[in-house]
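Report on the structure given below.
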Amino acid sequence: MSTLLISDLHLHPGAPAITEAFLAWLDGRARDAEALYILGDFFEAWIGDDLLDLGDADPTGTAPLAARIAEALRRVAQAGTAVYLMHGNRDFLLGSRFAEAAGATLISDPCVVTLGDERVLLMHGDSLCTRDEAYMAFRAKARDPQWQAQILAMPIPERLALARQLRDQSGEANSNKAEDIMDVTPEEVHAALRAHGVTTMIHGHTHRPAVHELELDGAPARRYVLGDWQPERGWEIEARPGEPPALRDFALEA
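Residue numbers (full-length UniProt numbering): 1 to 254.
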């Protein structure tokens, strides 16, 4: 049995091709896996689980999309695949209600799991980008339970407007940042590996899929980076007992 890991699908109503391809992937690849880990930015934006109450009345179309995704994940979970969800920088308000509807388990970021015979550190990856000081300041605020409670107490139309505003600001800010600022800080990668006593890390966020061979205190280490899904192509990592994790891209077909 294998374990599959994916990240950065950024599901939203404006990208139906990715949604349909993901649902097809779930009905195929995911059903054959022992476990599926989704490492953040599953949705392009998430303003709170009570969005599901809007149903078809949601002006953004996110509620019916989310209900459809949750139902599909639940079918996979009921078929025997354990499903795990991690928050990303886009969907950090994803909560237990959605997870329950999806038959999934919310996991912390970071989280250490055993893949095959090896302990592996799973992260979304944004916490490693410490050179982006403006984003790190926002991240600290966005992960604060009190701030989240204040946001969730706002009426849904105000939260929708705030989400649009944050996305616009993020896009404008990123267009003016140097490429290396938005990538991980090598020293932070080493520190995270040391802190958790592992030599392998898997994350997403940067949209720069690769396998990086590292040296950690004189010993070999690896950093796997998942890619973001596009209408024509997806990314996954497959981990099998006795084998190193395999990063691969594949054509998406609805």
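Where is the CB? At the ideal position from N, CA and C, for every residue including glycine.
- Note on geometry: alpha-carbon atoms of L216 and V184 lie some 16 Å from one another.
- Nearest in C-alpha terms to R68, of all of N89, E20, G88, is E20.
- Its chain contains R233, W235 as the residues whose beta carbon lies nearer than 6 Å to that of D249, once the 5 sequence neighbours on both sides are disregarded; these appear in chain order.
- As the crow flies, the alpha-carbon of D41 is around 20 Å from that of E133.
- Contact between H124 and G204 holds, with the beta-carbon distance rounding to 6 Å and staying under 8 Å.
- In the DSSP assignment, the residues bridged to A35 are T3, A82.
- Assigned with DSSP and collapsed to three states, A191 falls in helix.
- Within a 10 Å sphere around the beta-carbon of T81 sit 16 or more other beta-carbons, which makes this residue buried.
- In the three-state DSSP reduction, D126 falls in the helix class (H, G or I).
- Short of 6 Å from the beta carbon of H207, and not among the five residues preceding or following it, lie these beta carbons of its own chain, in chain order: D228.
- Excluding five sequence positions before and after V113, the CB atoms of its chain that fall closer than 7 Å to its own CB belong to V120, L122, given in chain order.
- Pairing F43 with L252, the inter-Cα distance amounts to about 18 Å.
- In the structure shown, P220 adopts extended strand secondary structure according to DSSP, grouped into three states.
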